[in-house]
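Peer 1:
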Amino acid sequence: MTSILVTGAAGFIGSHFVRHWVRRHPDDTVVALDALTYAGSRTNLADVADRVVFVHGDMGDEALVTGLLAEHRVGLVVNFAAESHNSLAVLDPARFFRTNVLGTQGLLDACRRAGVERFHHISTCEVYGDLPLDADEVFTETSPYRPRTPYNASKAAADHAVRAYHETYGLPVTLTNCANNYGSHQFPEKVLPLFATRALDGRALPVYASSANRREWIHVQDHCEAIETVLLKGRIGETYHVGTGVEASVDEIAALVLDELGLPESLKETVPDRPGHDRRYLLDSSRIRRELGWEPRIPFDSGVRETIRWYAAHRDWWQPLLGRSPVAEHAWHGAPRSAAAPA
Ligand code: NAD
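Number 1279 marks the last residue of the sequence shown (the working numbering); no jumps.
1) If you follow the alpha helix (DSSP H) that Leu1024 is part of, which residue opens it and which one closes it?
2) Can you tell me whether DSSP reads Asn1149 as helix, strand or coil?
3) Under the assumption that Thr1076 contacts Asp1220 (Cβ atoms under 8 Å), give the Cβ distance between them as a whole number of angstroms.
4) Where does His1008 sit, in a helix, a strand or coil, going by DSSP?
5) Hey, would you say the C-beta of Asn970 is under 7 Å away from at least one heavy atom of the ligand NAD?
6) If you draw a straight line from the alpha carbon of Phe1032 to that of Ala975, how long is it in whole angstroms?
7) Buried or exposed, going by whether 16 or more other CB atoms sit within 10 Å of the CB of Arg1260?
8) So what does DSSP say about Tyr1176, is it helix, strand or coil?
9) Determine the contact status of Ile1224 and His1177, defining contact as a CB-CB distance below 8 Å.
10) Compute the minimum distance between the beta carbon of Cys1160 and the heavy atoms of the ligand NAD, and state whether it is under 7 Å.
11) Considering only DSSP beta bridges, list what Thr943 is partnered with.
12) Count the other C-beta atoms from every protein chain shown that fall within 10 angstroms of the C-beta of Arg1273, then say buried if there are 16 or more, exposed otherwise.
13) Within 10 angstroms of the Cβ of His1250, are there 16 or more other Cβ atoms? Answer buried if so, exposed if not.
14) Tell me whether Gln1255 is buried or exposed, calling it buried when 16 or more other Cβ atoms sit within 10 Å of its Cβ.
15) Taking contact to mean at least 3 C-beta pairs separated by less than 8 Å, is the region 1157–1164 in contact with the region 1127–1137?
16) On a CA-only basis, which of Ile1172, Ser1222, Asp964 and His1213 is nearest Arg1054? Give me that one, please.
17) Please confirm whether Trp1153 and Ala1184 have their CB atoms less than 8 Å apart.
18) Out of Thr979, Ile1244, Leu1258 and Thr1110, point me to the one whose CA is closest to Gly1198's CA.
19) Give me the Cα-Cα distance between Ala971 and Arg1151, rounded to the nearest whole angstrom.
20) If you run the structure through DSSP and keep just helix, strand and coil, what is His1121?
21) Within a Cβ cutoff of 7 Å, which residues of the same chain sit near Ala1148, ignoring the five residues on either side of it in sequence?
22) Measure the C-alpha to C-alpha separation of Val1014 and Phe1123 and round it to an integer number of angstroms.
23) So, Pro1142 versus Glu1205, is the Cβ gap smaller than 8 Å?
24) Use the C-beta contact count for Thr1180: other C-beta atoms within 10 angstroms, 16 or more gives buried, fewer gives exposed.
25) For Gly889 and Pro1208, I'd like the C-alpha separation in whole angstroms.
26) Tell me whether Pro1086 sits in a helix, a strand or coil according to DSSP, three-state version.
27) My assumption, with CB atoms under 8 Å, is that His1008 sits in contact with Ser939. Please give the rounded CB distance.
28) Would you kindly work out how many angstroms separate the C-alpha atoms of Asp994 and Leu969, rounded to a whole number?
29) Measuring only the C-alpha atoms, how far is Asn1045 from Gly1039?
30) Any idea if His1096 is buried or exposed, counting beta-carbon neighbours within 10 angstroms, 16 or more meaning buried?
31) I need the DSSP call for Lys1169, collapsed to helix, strand or coil.
32) Name the one or two DSSP bridge partners that Leu1141 has.
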């Protein structure tokens, strides 16, 4: 029995992880901290509301976090909290560096002072930059960081901060860098829920011109199980990649959505790429499989189709969110490049 602090707990992956942890560790105290930005919602935790201590606050608020760590005798900290949308980062990079870098650093300070048993940081495949579409190369845990967008760069900087707190202060950290997640409760700005909700409204699906650009996909439940595995069995100071090896292009995702909903291909509409649109990411996730025995379980095709059906059945969840996103996709077009997409 322990206490676990989950930051970003009201977001997409954080809320799935809280649900997973409550199910698997029913005696633990779960403290769910979230700043409730446009991307976070308490309704994501509605079914476990009586099982978690929800705190509305900023992970970078050291006094708040220090109080929570002491009050609940927190042993484990899992840091999901972040600004997570690449398109918003093109328009408002400062917000990403404030939250993802300085917010994480404030959280790290509170954790090292409190002497937590474990600080687990959630990172992304995107810190390594992108791969040519025809490359044989994959990213390993020792690949150099080459972020290309403000979001990627802010996540890369946070990873460096986490490792620095381990090396300098002995904070017991682990990190996971994960592929693209899909599943229920993902804010409808990300590609799969964007396409699903647009299609359900009979609207065009905006497919970037580089529609062959592809991502490695993982069901959010498989990601949550990987994080649990690393918390229980991972080596301190270590980084583990979490991926499936299953890739699909933006075009293929659009086609799957239209096929599942019985809609015509003509709903696809080509739009110009986002500045810095990465071509491809692919992780070598053999370390976590070999050393810790984790494996993804949910097949891509059935997992994606089930997710599309979830959006079809939960209009009440996503409809109120449509106006909440602070970024109008393609807002950078027409603006001078230096204003829309600072290097
Ligand atoms: P999300 O945007 O759905 O959720 C982020 C949550 O963090 C929101 O609830 C938001 O309110 C909260 N938050 C933002 N700033 C905060 C702060 N200062 N203090 C406390 N809470 C704050 O994002 P997500 O898709 O669930 O991603 C979660 C984490 O996983 C992020 O760190 C992201 O970089 C990482 N990740 C995501 C993916 C993916 O495909 N979605 C892949 C790999 C890694």
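The beta carbon of each residue, even a glycine, is placed where N, CA and C say it ideally should be.
Peer 2: Let's see:
1) Your numbering for residue 1024 matches position 88 in the sequence shown. Asn1022 to Leu1027 is the extent of the alpha helix (DSSP H) around Leu1024.
2) Within the sequence shown, residue 1149 is the residue found at index 213, counting from 1. Asn1149: coil per DSSP, three-state reduction.
3) As a working mapping, residue 1076 is identified with position 140 in the sequence shown. As a working mapping, residue 1220 is identified with position 284 in the sequence shown. About 5 Å separates the two Cβ atoms, so the contact holds.
4) The sequence position of residue 1008 within the sequence shown is 72, counting from 1. His1008: coil per DSSP, three-state reduction.
5) Working through the sequence shown from its first residue, we reach residue 970 at position 34. Correcting the residue type first, residue 970 is Asp in the shown sequence and not Asn. Yes, the Cβ of Asp970 comes within 7 Å of a heavy atom of the ligand NAD.
6) Residue 1032 sits at position 96 when you count from the first residue of the sequence shown. Residue 975 sits at position 39 when you count from the first residue of the sequence shown. Going by the C-alpha atoms only, they are around 13 Å apart.
7) The residue you call residue 1260 lines up with position 324 of the sequence shown. Exposed, by the Cβ-count rule.
8) Indexing the sequence shown from 1 puts residue 1176 at position 240. Three-state DSSP puts Tyr1176 in a strand.
9) Reading the sequence shown from its first residue, position 288 is the one you call residue 1224. Reading the sequence shown from its first residue, position 241 is the one you call residue 1177. Against a cut-off of 8 Å, the Cβ pair of His1177 and Ile1224 comes out as a contact.
10) Position 224 of the sequence shown, counted from the first residue, corresponds to residue 1160. It does not: the Cβ of Cys1160 is nowhere closer than 7 Å to a heavy atom of the ligand NAD.
11) The residue labelled residue 943 in the question sits at position 7 within the sequence shown. For Thr943, which the question treats as bridged, DSSP gives the partners Leu969 and Asn1015.
12) For this step, residue 1273 is matched to residue 337 along the sequence shown. Unreliable positioning characterises Arg1273 in this predicted model, as indicated by a pLDDT of 48, which lies under 50. A coordinate reading is not provided.
13) Translated into positions along the sequence shown, residue 1250 becomes position 314. Exposed, because fewer than 16 other Cβ atoms sit within 10 Å of the Cβ of His1250.
14) Here residue 1255 refers to the residue found at position 319 when the sequence shown is read from its first residue. Classification for Gln1255: exposed.
15) Taking one beta carbon from each stretch, the region 1157–1164 and the region 1127–1137 have fewer than 3 pairs nearer than 8 Å; the two do not touch.
16) The count along the sequence shown starts at 1 and reaches residue 1054 at position 118. Closest option to Arg1054, Cα to Cα, is Ile1172.
17) For the purposes of this step, residue 1153 is taken as residue 217 along the sequence shown, with counting starting at 1. For the purposes of this step, residue 1184 is taken as residue 248 along the sequence shown, with counting starting at 1. In this structure, Trp1153 places its C-beta atom within 8 Å of the C-beta atom of Ala1184.
18) By 1-based counting over the sequence shown, the position of residue 1198 is 262. The shortest C-alpha separation from Gly1198 is found at Ile1244.
19) By one-based count along the sequence shown, residue 971 stands at place 35. By one-based count along the sequence shown, residue 1151 stands at place 215. Using only the alpha carbons, I get a separation of about 29 Å.
20) As a position in the sequence shown, residue 1121 is number 185, starting the count at 1. Of the three classes helix, strand and coil, the one that applies to His1121 here is coil, per DSSP.
21) Position 212 of the sequence shown holds residue 1148. The residues are Leu1069, Ser1185 and Asp1187.
22) Taking the first residue of the sequence shown as 1, we reach residue 1014 at position 78. Taking the first residue of the sequence shown as 1, we reach residue 1123 at position 187. Their backbone Cα atoms lie some 20 Å apart in a straight line.
23) Looking up residue 1142 in the sequence shown gives position 206. Looking up residue 1205 in the sequence shown gives position 269. In terms of Cβ geometry, Pro1142 and Glu1205 form a close pair [threshold 8 Å].
24) For the purposes of this step, residue 1180 is taken as residue 244 along the sequence shown, with counting starting at 1. Buried is the call here.
25) The requested residue 889 does not occur in the structure, where the chain is confined to residues 937 to 1279.
26) Here residue 1086 refers to the residue found at position 150 of the sequence shown. Note: Pro1086 maps to helix in three-state DSSP.
27) Taking the first residue of the sequence shown as position 1, residue 1008 is located at position 72. Taking the first residue of the sequence shown as position 1, residue 939 is located at position 3. Right, their Cβ atoms sit about 5 Å apart.
28) On the sequence shown, position 58 is the one that residue 994 refers to. On the sequence shown, position 33 is the one that residue 969 refers to. If I take the Cα positions, the gap works out to 8 Å.
29) In the sequence shown, counting from the first residue as 1, residue 1045 sits at position 109. In the sequence shown, counting from the first residue as 1, residue 1039 sits at position 103. Looking at the sequence shown, residue 1045 is not Asn but Asp. CA-to-CA, the gap between Asp1045 and Gly1039 works out to about 10 Å.
30) What you label residue 1096 is simply residue 160 of the sequence shown in a count that begins at 1. Looking at its Cβ environment, which holds fewer than 16 other Cβ atoms inside 10 Å, His1096 is exposed.
31) Taking the sequence shown and counting its residues from 1, one reaches residue 1169 at position 233. Three-state result, Lys1169: helix.
32) Position 205 of the sequence shown holds residue 1141. DSSP lists Lys1204 as the bridge partner or partners of Leu1141.
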